[in-house]
Every structure is written in structure tokens, then in C-alpha cells.
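Only one structure is covered here, and it is reproduced in the block below.
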Amino acid sequence: MSKSITEEVLVLIEQAVKAISFGSVTLVLQDSRIIQMEKLEKIRLGEPLVKGANKITAASSLRTRILQSVSGMEYGKVAIQIQAGQIMQIERTEKYRVGKLTGLNGDGI
């Protein structure tokens, strides 16, 4: 398991993804650790309620996709888009700290 995600956090993320029919779950990473989870659920009026990605995505497959999406990321966000209870897209936005960049003489850029 990645150092940025504990079993407890992983279970919370899985539950959030499984509970949404339409919407997204966004994970915020800092120093290679998940520090925040944002859950946005959209309710489609007139649509039958299909609860959760669990109906289509197996639990082990969901866990693997979550771990792959955050692996190797130090700073940034991972947005998991869900439509009709199915994960449709996983978007990674990685950020870099400028302080780590140095010029030829040891000075910053």
C-alpha cells in the first residue's frame, strides 16, 4: 500500500465513491499524503437512482484504481468522476514546488 494512504482512509474513499450515482470525489495531496477529500453529489431529477460505483466496479478493482491514481504524486489533486454509478474518468492534476528548482550557481530561477 502507498505511504500516502492508510487502510482507514482508503475505506472512507471507497465508501464515498460507492455512495454516489452522479458526481465526483476529489482527493487533495500534500507531501505525498491525502489531506482532504471533497465529495460532490449531483441529483438528476427524473432519473432513477442508481446508487454507487459498487454495482459496476468490483471492490478490489476500485481499490487498485484509487491507489494507482495517487501513486507517485507529491502535491496535487485526483478527481474521480462518476456517472450513473460508474467511474467514467480519473483526472490527476500534479503540482510542483518552485523552491526545489535551482540554477547553475545554486540560485533560484
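Per this note's numbering, the sequence shown starts with residue -10, numbered consecutively. The beta carbon of each residue, even a glycine, is placed where N, CA and C say it ideally should be.
Residue i - partner residues in DSSP beta bridges
{"i": "residue 86", "result": "Answer is none; residue 86 lacks a bridge partner."}
{"i": "residue 77", "result": "Answer by DSSP bridge pairing: none, since residue 77 is not bridged."}
{"i": "residue 51", "result": "Paired residues: none, contrary to the question."}
{"i": "residue 70", "result": "13, 78"}
{"i": "residue 57", "result": "Looking at the DSSP assignment, residue 57 forms no beta bridge with any residue, so it has no partner."}
8 angstroms CB neighbourhood of residue i in its chain, flanking five on each side removed
{"i": "residue 64", "result": "18, 19, 20, 83, 84, 85, 86"}
Residue i, buried or exposed, once every other Cβ within 10 Å from all chains shown has been counted against 16
{"i": "residue 0", "result": "exposed"}
{"i": "residue 10", "result": "buried"}
{"i": "residue 32", "result": "exposed"}
{"i": "residue 3", "result": "buried"}
{"i": "residue 51", "result": "buried"}
The ligand NAD heavy atom lying under 8 angstroms from the CB of residue i
{"i": "residue 0", "result": "The ligand NAD is not among the ligands present in this structure, which contains no ligands whatsoever."}
Own chain partners of residue i with C-beta closer than 6 angstroms, once the 5 adjacent residues on each side are dropped
{"i": "residue 70", "result": "13, 77, 78"}
{"i": "residue 24", "result": "17"}
Segment limits, beta strand (DSSP E) that includes residue i
{"i": "residue 30", "result": "22 to 31"}
{"i": "residue 10", "result": "Taken as a continuous stretch (DSSP letters only), residue 10 belongs to no beta strand (DSSP E), as it is neither H nor E."}
{"i": "residue 35", "result": "Careful: residue 35 lies outside any beta strand (DSSP E) and carries neither H nor E."}
Limits of the unbroken alpha helix (DSSP H) element including residue i
{"i": "residue 1", "result": "-4 to 7"}
Proximal residues to residue i (C-beta, below 7 angstroms), its chain only, five neighbours per side dropped
{"i": "residue 81", "result": "58, 62, 65, 67"}
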